Every structure is written in structure tokens, then in C-alpha cells.
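Plus 81 on top of the position in the sequence shown (first one is 1) and you've got our numbering.
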Amino acid sequence: MTTPPALAEQARFVPGKIITVDFAEAATSPSYDIVIGHSILTEAATLIRLRLGARRCVIISDSIVEPLYGARLEAILVAGGHTVLDTLVFPAGEASKNFAQLHELLDNILTLGADRQTLIIALGGGVVGDLAGLAASLALRGLDLVQIPTTLLSQVDSSVGGKTGIDTACGKNTVGTFYQPRLVLADVTLLDSLPARELRAGYAEAVKYGLISDSAFFRWCVTHGGQLLNGDSESQIHAIGYSCAAKAKIVSADEREAGSRALLNLGHTFGHALEAATGFGNLLVHGEAVAIGILMAFRLSVRLRLCSMRDYDEIHAHFASVGLPTKPPSFDYDIPRLIDLMKQDKKAEGGDITLVLSRGIGQAFVCRDTDIRALTNEDPTGLITAVWREFTGS
Numbered sequence: 082m083t084t085p086p087a088l089a090e091q092a093r094f095v096p097g098k099i100i101t102v103d104f105a106e107a108a109t110s111p112s113y114d115i116v117i118g119h120s121i122l123t124e125a126a127t128l129i130r131l132r133l134g135a136r137r138c139v140i141i142s143d144s145i146v147e148p149l150y151g152a153r154l155e156a157i158l159v160a161g162g163h164t165v166l167d168t169l170v171f172p173a174g175e176a177s178k179n180f181a182q183l184h185e186l187l188d189n190i191l192t193l194g195a196d197r198q199t200l201i202i203a204l205g206g207g208v209v210g211d212l213a214g215l216a217a218s219l220a221l222r223g224l225d226l227v228q229i230p231t232t233l234l235s236q237v238d239s240s241v242g243g244k245t246g247i248d249t250a251c252g253k254n255t256v257g258t259f260y261q262p263r264l265v266l267a268d269v270t271l272l273d274s275l276p277a278r279e280l281r282a283g284y285a286e287a288v289k290y291g292l293i294s295d296s297a298f299f300r301w302c303v304t305h306g307g308q309l310l311n312g313d314s315e316s317q318i319h320a321i322g323y324s325c326a327a328k329a330k331i332v333s334a335d336e337r338e339a340g341s342r343a344l345l346n347l348g349h350t351f352g353h354a355l356e357a358a359t360g361f362g363n364l365l366v367h368g369e370a371v372a373i374g375i376l377m378a379f380r381l382s383v384r385l386r387l388c389s390m391r392d393y394d395e396i397h398a399h400f401a402s403v404g405l406p407t408k409p410p411s412f413d414y415d416i417p418r419l420i421d422l423m424k425q426d427k428k429a430e431g432g433d434i435t436l437v438l439s440r441g442i443g444q445a446f447v448c449r450d451t452d453i454r455a456l457t458n459e460d461p462t463g464l465i466t467a468v469w470r471e472f473t474g475s
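Here it is in C-alpha cells:
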């Protein structure tokens, strides 16, 4: 019996890992695969066609990634039977996550003659994924999206789970949608072009998963983090695979962050406030802010007598050993403004700050102001302010 061509194509391609984000039957979002391994970009046309058919595509990328991989991806897609309408490029960096850039992308997508079978492909890091994902969710009330993340941060975290967004004066990602991709292609060979700082920043998001619920993975990071950051692809595949599987499990059960998905924000409430206060610029990139935010969350947990100083010291030592920042950069910090930014965080409810705290490494939980009052009978804002003062020296 002759093997069908589609099955033959699939059989010749053996990725490092395939992880499925499988939603409950009642969910409106379809399940999708995350494909992780070496040279995945080369197989992009086949992987897309096997799952979604031959498509008319619009690639969205930024001014750093497109010169590296844009023409190559176009050629791969065309050779594999797809049509590329255009590659849309915007200036790299968090500053592009704004209404003006979103409006320009949507105008360009529609001007190209996109229809509801047009596929949006996000080629880049977290900023590209957030902005392209939001554009895909809005254009013609929703176009299929494929994420091809090119940074460690986007491969371990932001390309999976369907969060899209832009920043406003009120904070990071304060306008956005939940919109799942149809496929994620994580090629570790693309990480070879990353600056060391960006690789370290992405690594912070991987360590986060061990700190949330698996102390054994945190121990793995302590042992193998250095070789991962030195370019060992097998360590990278393992960390990406573990992180994506952990996130897929949580997202599948809580797609729209009504409950357990909030755990994925360990370090982010502090970190997002830092990013907003420092202007979303190069002074502090997202993964660095998350690393500092994780330390602040654990320090607050120590102050609340939830976890030991030894846990905090162990995390601090590991971050320092791999070159991650352990305190905010020098800046004229306004602590009341930082507290206000935390209260504007998307997880805040009724003016109460919502934090992810910890009872120890691998034991994170969601905690609100009312929970802190019940634990200590103290003003939560005062305790949080004390942590800000300790870390910023303000």
C-alpha cells in the first residue's frame, strides 16, 4: 500500500518535541501544536500545510528579525506551495506596541486584499507576537495565526497561550485580546543570532516555571542554566519543551486567566510596574524586569513569613550567577507611582493589588490585598512599599 503524500512528508520530519495545547471540548479555541527542535524554520511550509492547508500569507516581523530571516521564510513558504502577499515590518522594540502601529498593520493587511482564509505569520520575539497576534485577532474579526518565535523568551513563554496586547499610558499590555495561534514553530537554531542579554532575559521566564510549581526543574536550571545560555541546543530544547508543556497544561484549563493561569504572572506585577516606570525602553527589558519582580515577590513572601530567606537567597544567587539583574537599574523612582501602576495591573480587582507569592520554591499561589491583611493584620501597601524601598533605595 502506498503511503499518502501528507503522511510521507510528516514521517520524514522528526522534531525534538511536539506539545499540544488541548482545550476542553466546550472551549471556542481549537487545539494546536507547538513544534520544538532544530531547523524547524526549514520545514515551516510543510508543517503549516499539513495542519492548515496551502494558504495566502502575510508575514509580520520587526526591523531586526526581518533582515535575518524574512527573505528566507518567504522563499520556504513559496517553495512549499503557499503565497506570500507581503512581509510587513515595524521598528523593533517595546515602543512599537501602540495604537498607531496597530492601526498601520491593520490598514496594510486589509489593503493587501486579505480574506478570512489569509494566514498571519508572526516572525519575531514577544513584541512581534503580541502586536501581530492582536492584529490577527481584529482583522476581519479574526485571521488564523502562526507564531514563529525567534527569542528564548517568546519560545518558552509569550508565543504560547494566546495573550496579545499593546501598551498604553496606564501600563503594559493594557489593551489586548485572548487569541490562540493555530501553530507555534520554535526553532532553537534561530537563538544563535540572539545577543547574550536577550538570551538571559528569556531564561528568566523559563526558570519561572520551576519556581511556580516544580522545584526539580529549578534544580535542573541551577545545574544546566549556564550551558543553555552558552548555546547548548539540547538544554535549550529541554527547557523550552518543559516550559511550553507547563504553560499548555495551565492554559488548557484556564484559557482566559479566571483562576490558575494567574500563577504564570509570578514576578510580573512588580516587573510590569518597573517597565512602565522606566519607559518601556532599553534600560530594562522584559525578562530582566521579570527576574527582579520574582525576587521582589519572594522577598515579600519572606516578610510575610510564607517562605524562608534561604529560598530567596538561592534564587538570588542563581540569577546573579547567570548574569541576570537582581535589583532595578539606577533611576529616579517614584514609589507611590509604582504602587499605582501595580493597582492598574490587569489582575487587580476593586483597587486591590493581586500578586503571585510563594510558600517556597515550587509553591507559588495567588494572593490579594485582602489575603495579606488576613495573614498579617497589616496594611498591604505599607509592606509592598517597604519591598520597593529595599530594592530601589528610594
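Don't be surprised by glycine CBs; every beta carbon is placed ideally from N, CA and C. A quick note: this is a predicted structure, and the numbers were derived from the prediction, not measured.
Within its own chain, the residues whose Cβ lies closer than 6 Å to the Cβ of ALA329, once the five positions on either side in sequence are excluded, are ILE100 and VAL102, listed in chain order.
Take the alpha-carbon of ILE318 and the one of ASN458: they are about 45 Å apart.
Proximity to ILE396 across ALA135, ALA285, ILE229 and ARG137 peaks at ALA285, based on C-alpha coordinates. By the CB criterion at 7 Å, LEU275 and ILE121 fall outside the cutoff.
Under the 8 Å Cβ criterion, the segment 232-242 does not count as touching the segment 167-181, having fewer than three qualifying pairs. Inter-residue distance for TYR150 and ALA160 is about 15 Å (C-alpha atoms, whole angstroms). Within the same chain, and ignoring the five residues on either side of VAL303 in sequence, the residues whose Cβ sits closer than 6 Å to its Cβ are HIS399. The residue among ASP143, PRO111 and GLN198 with its C-alpha nearest the C-alpha of LEU166 is GLN198.
By the Cβ test, the segment 286-300 is not in contact with the segment 245-261, since fewer than three Cβ pairs between them sit closer than 8 Å. Distances from the CA of SER112 to each of THR435, LEU133, ALA220 and THR255 were compared; the closest alpha carbon is that of LEU133. If only uninterrupted alpha helix (DSSP H) runs of at least 4 residues are considered, those enclosed by the segment 181-256 are 207-219.
Between the alpha carbons of ASP413 and VAL447 lies a distance of about 30 Å. It is roughly 30 Å from the alpha-carbon of ALA357 to the alpha-carbon of VAL269.
Note on geometry: alpha-carbon atoms of VAL139 and TYR323 lie some 30 Å from one another. ASP392 sits in a helix when the DSSP states are folded into three classes. Non-local beta-carbon contacts of ARG342 in its own chain, meaning distances under 7 Å to residues more than five positions away in sequence, involve ILE331, VAL332 and ASP335 in chain order. Under the DSSP assignment, ARG137 falls in the beta strand (DSSP E) whose first and last residues are 137-143. Secondary-structure assignment with DSSP links TYR113 through a beta bridge to VAL102. Counting only the Cα atoms, ALA372 lies some 16 Å from GLY207. Under a 10 Å Cβ-count criterion, CYS325 is classified as buried, with 16 or more other Cβ atoms of the shown protein chains found around its own Cβ. Pairing ASP248 with ILE117, the inter-Cα distance amounts to about 29 Å.
Rounded to whole angstroms, the Cβ separation of VAL437 and LEU347 is 4 Å, and the two are in contact under 8 Å.
Note on LEU191: under 16 other CB atoms within 10 angstroms of its CB, so exposed under the neighbour-count rule.
By the CB criterion at 7 Å, GLY210 and GLN182 fall outside the cutoff. Taken in chain order, the complete alpha helix (DSSP H) segments of 4 residues or longer contained in the segment 255-329 are 277-294 and 296-310.
Using a 10 angstroms sphere on the CB of HIS353, the tally of other CB atoms reaches 16 or more, which defines it as buried. Of the candidates THR350, GLU471, ASP460 and TYR393, the residue whose Cα lies closest to the Cα of GLY443 is TYR393. The beta carbons of THR407 and LEU376 sit closer together than 7 Å.
Per the DSSP secondary-structure output, VAL437 pairs in a beta bridge with VAL447. If the five residues before and after GLY257 are omitted, its C-beta is found closer than 8 Å to the C-beta atoms of ASP211, LEU215, LYS244, THR245, GLY246 and ILE247, all from its own chain and listed in chain order.
In the structure shown, the three-state DSSP call for LEU347 is coil. Selection PRO461, PRO410 and MET423 evaluated against GLY474 yields PRO410 as nearest (Cα-Cα). In the DSSP annotation of this structure, the continuous segment of the alpha helix (DSSP H) that includes ASP421 starts and ends at 416-424.
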